[in-house]
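Protein chains: 2
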Amino acid sequence: MKIKSALISVSDKGELKSILKELKKYNINLISSGGTYKKIKSLGYKCIEVSDFTNFPEILDGRVKTLHPKIHSGILYKRNNLSHKKLLKKLNFESLDMIITNFYPFKKTTEITSNHKKIIENIDIGGPTLVRSAAKNYNDVVVITNIGQYKKLINELNFYKGSTSLKFREKLSLEAFAETASYDATIYNYFNSITKNKFPEKLIINTKLIQKLRYGENPHQIGAVYSNHPDFKLKKLQGKDLSYNNYNDIFASLNLSKTLPKNKGVVIVKHTNPSGVSIEKNKLKSYISALKCDPVSAYGGIVSCNYKMSLKVAKELYKNYYEVIVANGFDKKSLRLFKNKKNLRLIDSSEIKLGKNNKIISGINSFLMQSNDNLKFERKNFKVVSKIKPSKKIFDQLIFSFNVCRSLKSNAIVIAQNNKTIGIGSGQPSRVDSCKIAINKMKKFNQFDNNYPLVAASDAFFPFIDGIEKLVQAGVTAVVQPFGSIKDEEIIKYANDMKIILVFSKTRHFNH
Amino acid sequence: MKIKSALISVSDKGELKSILKELKKYNINLISSGGTYKKIKSLGYKCIEVSDFTNFPEILDGRVKTLHPKIHSGILYKRNNLSHKKLLKKLNFESLDMIITNFYPFKKTTEITSNHKKIIENIDIGGPTLVRSAAKNYNDVVVITNIGQYKKLINELNFYKGSTSLKFREKLSLEAFAETASYDATIYNYFNSITKNKFPEKLIINTKLIQKLRYGENPHQIGAVYSNHPDFKLKKLQGKDLSYNNYNDIFASLNLSKTLPKNKGVVIVKHTNPSGVSIEKNKLKSYISALKCDPVSAYGGIVSCNYKMSLKVAKELYKNYYEVIVANGFDKKSLRLFKNKKNLRLIDSSEIKLGKNNKIISGINSFLMQSNDNLKFERKNFKVVSKIKPSKKIFDQLIFSFNVCRSLKSNAIVIAQNNKTIGIGSGQPSRVDSCKIAINKMKKFNQFDNNYPLVAASDAFFPFIDGIEKLVQAGVTAVVQPFGSIKDEEIIKYANDMKIILVFSKTRHFNH
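Keeping their order, the protein sequence lines are chains A and B. At position 14 of the first sequence the residue is numbered 14 (this note's numbering), and the sequence of numbers has no breaks. Position in the second sequence counted from 1, then plus 1000, gives you this note's numbering.
Shown next, in the form of structure tokens:
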């Protein structure tokens, strides 16, 4: 069936010229209103105004233009239904075979102003209604909802000499409902944000495909990454496509490295857990220290530096096998060196912000949602409970180790010394086992240095003496842990008996 | 401002009576069409037909009823705008101050039929347009989009004697956009499902609040659980409210227990990792075996039985401290016993199905999505690569241990014997460490039995000999692991030299 008429009503008038040329080629009558009408005329094309088409004026400052039975009958009537056809003839209504529209820029308006009235005025009513009518009747009608579809429409029209295929129209219909759903989800989420409704009755997540991945966590699973956030700025500078596991590890590494003191932090991640962390002023030393914590696990992992990569550090990194290197930018010489490992993925993370979005994971036929655990640790979050009080230096080490501890899978224990982790134990169902793993790591890679005190952190309280005891026996002299056990008093007594420093944190930091 | 007129157009006519009585009390004029009109008249209330109101017939089998400028001007004009008011007067248009609607049951239709034409006919065009107009103009107009709001509307009308507050109208507007967004998301997701579009360009997740939680993973985080799935049937029979971590652990336990042979499986979970698993025909023995694998970690964990709970098993469970007990139903005697521990949460999981939904987790300003790792393991997924071939019994043990292994956080190693795990190591950055943890657990709790062969599973390939070597030294005589290492040949040779059974799986099972 040849398209005889098209109603065009676009907020964004870009690329209009390209499409008008094609529509003329197939003698398609144009109907339009307001600014779109003026634009079409100024480009030199014939066009009927909606108000002439409906014989009804455009009213209420454009609030009511196309909400007219002549328009919607022209879209919605079934072309293969004889009584529908007869009715249109009787009413002297005409067929509208194609709708080309894009909506008032609601989202953009929220980004450039906080003027609520202006934002509300940018809720498009006529546009989505045209689109929904046309999308429902895709059997007969073509619906174009964004400029990105113009090229495909032109190809289709040329291929079918002024017609389109049902398959094409069906695809456009699907995309049309994506557009209307996403448009109203944006409005809804705007209302939720101004009313500070963190957990609304209906949760509508509205996001866009960034990249289909080669596979998911495993090759027999399919995977993809989605984002609709202006701050999704993960810039790949070289290397193979990022895999699902790469993304997952990069996020885990940045969630920690972005909270470390600026320009000195290095985090090495394997299977989403940090295997070594350091915050030395000397950037090269910082990387070497992070690596030394567990050089075996680092192999094939990802390294995240919260500073700009220099040739000096790059040369050292170059010696080891990593899947991904993340840094706050790379200097030219380091980039040149890494070019020799063309599969190695380099990520510039300088523009990435952690943001305050809720965290979400899917459960069985459901979702679990929670606010982020993004507390910035300061001394006021902690309380010294032992007789011996920590010096500022030791307190800093305790906060450092506690911050690393929170980014590990529970139960987690971190042993640290002189601004670097030297033993990490995580992911164990029993806390004392995590202590043992951390101690064994420390001993295995022989990182203990007699010149500095040894500190340890636990992501949740010790339920018994046994865990902290193991740490003290291994040489730890200062411990930080959340309070809350019925054994708290016993543990404080133990700390005082052993003459170690014990600090309670006010918050627990499970992470699964 | 008193409400003078209301347009009512409802697909679900339930509770209509209750609201009509109130509207009459405040002399609100009713406008309606089609079935709603007939229903209102039959209930004995006055009502104007939309076609009389607009002076335009209801056409195209109801496809075009309210899409009329008189209707939408009456909704959209600004009551405080003089020129808008003048225009309405001039056109002899009337004010429409309230819209009461609910949409054609699109979702329900998809659930009861797969007739595409019938489904498409249930895309409501007029209803969402009325709602969007009214919601945009919430400053002046009341919009009711579901029956659940009737009571609040009645209270509001009574409180303000026929008027409503702006705050109330704003809340209704927010809920209206939730309704339209969710309606179109459902249509979009239907189109995606019939076109088998697993990773669409736009991902619109449309879900509903089930429960706000006391907190998230930690007390300083807020949390909630959402679901929009007919199969979300987690039935709590007694006990405290489920926490975020309870939900997370319950999902982890069911993801494994639902894949175990029916009526005999027990899984104990702590921090989302199984700490003991068994599949004995004798249900009591099955629980005891699962517990023995790591009785220390089980404390405070959750137990998931894929059989119906009996008093006999309940008595044994009663002796230990658990947060949650999940079972395929509970008999009366067991329920009576558990009543004595009134905080203990009991979950009936008999109606829960794992489903085929994609898995999703949030990253930094983004989402990672992948298909489920829900392969059902059969012998054809495996290939025997050693000279010694496994008996059917040993093969079953290998499949059992491999299935448990997949549900652990990577890197994961499971040692099993006679239908039960006896050593579990997981969550380690290096595979050999997971081997050591599994072996240490086995030795610590002394579960080794000389009457049965010892088998082990690894979720990914061994990159070196060292891991499998540790297992063999500990007495393991059959190993299953995915293929894919450059050392595969070396590992096969090692297995043959040691005269053990080695089976390669065709799939890897990382899980983070």
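Here a beta-carbon is modelled for each residue, glycine too, at the ideal position from N, C-alpha and C.
inquiry  = As a quick exercise: from Thr101/A, Ile288/A, Ile71/A, Ser253/A, pick the residue whose alpha carbon is nearest that of threonine 36/A.
reply    = Thr101/A
inquiry  = If contacts are defined as beta-carbon pairs under 8 Å, then isoleucine 1325/B and leucine 1254/B qualify, I think. What distance do you get, rounded to the angstrom?
reply    = Wrong, their Cβ atoms sit about 13 Å apart, outside the cutoff.
query = Using a beta-carbon distance below 8 Å, is aspartate 140/A in contact with chain B?
reply = no
key: 6 Å CB neighbourhood of lysine 420/A in its chain, flanking five on each side removed   = Ser278, Ser289
N- and C-terminal bounds of the alpha helix (DSSP H) containing asparagine 248/A = 244 to 257
inquiry  = Give me the chain B residues within the contact set of proline 219/A, using Cβ-Cβ distance strictly less than 8 Å, ordered along the chain.
reply    = Thr1507, Arg1508
task = Closer than 7 Å by C-beta to threonine 1186/B: which residues in its own chain qualify, once you throw out the five before and the five after it? Chain order, please.
result = Phe1106, Lys1107, Asn1206
request  = Could you confirm whether any beta carbon from chain A is found closer than 8 Å to the beta carbon of methionine 1369/B?
outcome  = yes
Partner residues on chain B for histidine 229/A, Cβ-Cβ distance less than 8 Å = Asn1365, Ser1366
message = Taking beta-carbon pairs under 7 Å, can you tell me which members of the region 1118 to 1145 of chain B lie near chain A?
response = Ile1120, Ile1123, Ile1125, Pro1128, Thr1129, Arg1132, Ser1133, Lys1136
ask   = For threonine 1110/B, which residues from the same chain have a beta carbon less than 7 Å from its beta carbon, with the 5 sequence-adjacent residues on both sides left out?
value = Ile1119, Tyr1190
request  = Please compile the residues from chain A whose C-beta is within a distance smaller than 7 Å of the C-beta of histidine 1072/B.
outcome  = Val64, Leu67
task = Could you tell me how far apart the beta carbons of serine 349/A and leucine 242/A are, in whole angstroms, since I believe they sit closer than 8 Å?
result = Incorrect: roughly 13 Å between the Cβ atoms, too far for contact.
task = Starting from glycine 126/A, follow the alpha helix (DSSP H) in both directions and report where the run begins and ends.
result = 126 to 136
Range covered by the alpha helix (DSSP H) that runs through asparagine 403/A = 392 to 406
message = Against threonine 1180/B, what residues of chain A qualify as contacts under a CB-to-CB distance less than 7 Å, listed in chain order?
response = Asp184
Enclosing beta strand (DSSP E) for aspartate 1348/B [first to last residue] = 1345 to 1348
task = Spatial neighbours of histidine 1512/B within its chain, please: CB distance less than 7 Å, with the 5 preceding and 5 following residues excluded, ordered by chain position.
result = Lys1409, Ser1410
Assigned secondary structure, phenylalanine 1445/B (DSSP; H/G/I helix, E/B strand, else coil) = coil
message = I want to verify the contact list: residues of chain B whose CB lies under 7 Å from the CB of serine 519/A, in sequence order.
response = It is not possible to answer for residue 519/A, since the shown part of chain A is limited to 1 through 512.
task = Could you name the residues that DSSP lists as bridge partners for valine 1384/B?
result = Val1503/B
task = Consult DSSP for glycine 355/A and reduce its assignment to one of helix, strand or coil.
result = coil
query = Is the region 169 to 177 of chain A touching the region 129 to 142 of chain A in the sense that three or more CB pairs, one from each, lie closer than 8 Å?
reply = yes
query = If glycine 1074/B and serine 1051/B are in contact, beta carbons under 8 Å, what's the gap, nearest whole angstrom?
reply = That pair is no contact at about 15 Å.
inquiry  = Can you confirm whether leucine 1311/B, when its beta carbon is compared against all beta carbons of chain A, has any partner nearer than 8 Å?
reply    = no
Amino acids of chain A, ordered along the chain, whose beta-carbon sits closer than 9 Å to that of histidine 1271/B = Lys409, Ser410, Asn411, Gly427, Gln428, Pro429, Phe510, His512
message = In this structure, how does DSSP classify serine 165/A when only helix, strand and coil are distinguished?
response = coil
is_contact[valine 1326/B, chain A] using C-beta, thresh 8 Å = no
request  = Could you tell me if asparagine 80/A is buried or exposed, where buried requires 16 or more neighbouring beta carbons within 10 angstroms of its beta carbon?
outcome  = exposed
request  = Run through the region 445 to 481 of chain A for me and flag every whole alpha helix (DSSP H) of 4 or more residues, listed as ranges in chain order.
outcome  = 465 to 473
ask   = If you follow the alpha helix (DSSP H) that asparagine 1419/B is part of, which residue opens it and which one closes it?
value = Taken as a continuous stretch (DSSP letters only), asparagine 1419/B belongs to no alpha helix (DSSP H), as it is neither H nor E.
task = Give the DSSP-derived three-state secondary structure of glutamate 1489/B in the structure shown.
result = helix
inquiry  = Whole angstroms are fine: how far does the CA of lysine 1281/B sit from the CA of alanine 1478/B?
reply    = 23 Å
ask   = Which of helix, strand or coil does DSSP assign to glycine 1223/B?
value = strand
Members of the region 442 to 458 of chain A that neighbour chain B once the beta carbon cut-off is set at 9 Å = none
ask   = By the criterion of Cβ-Cβ separation under 8 Å, what are the contact partners of valine 50/A in chain B?
value = The premise fails here: valine 50/A is roughly 11 Å from chain B at the closest Cβ pair, so nothing lies under 8 Å.
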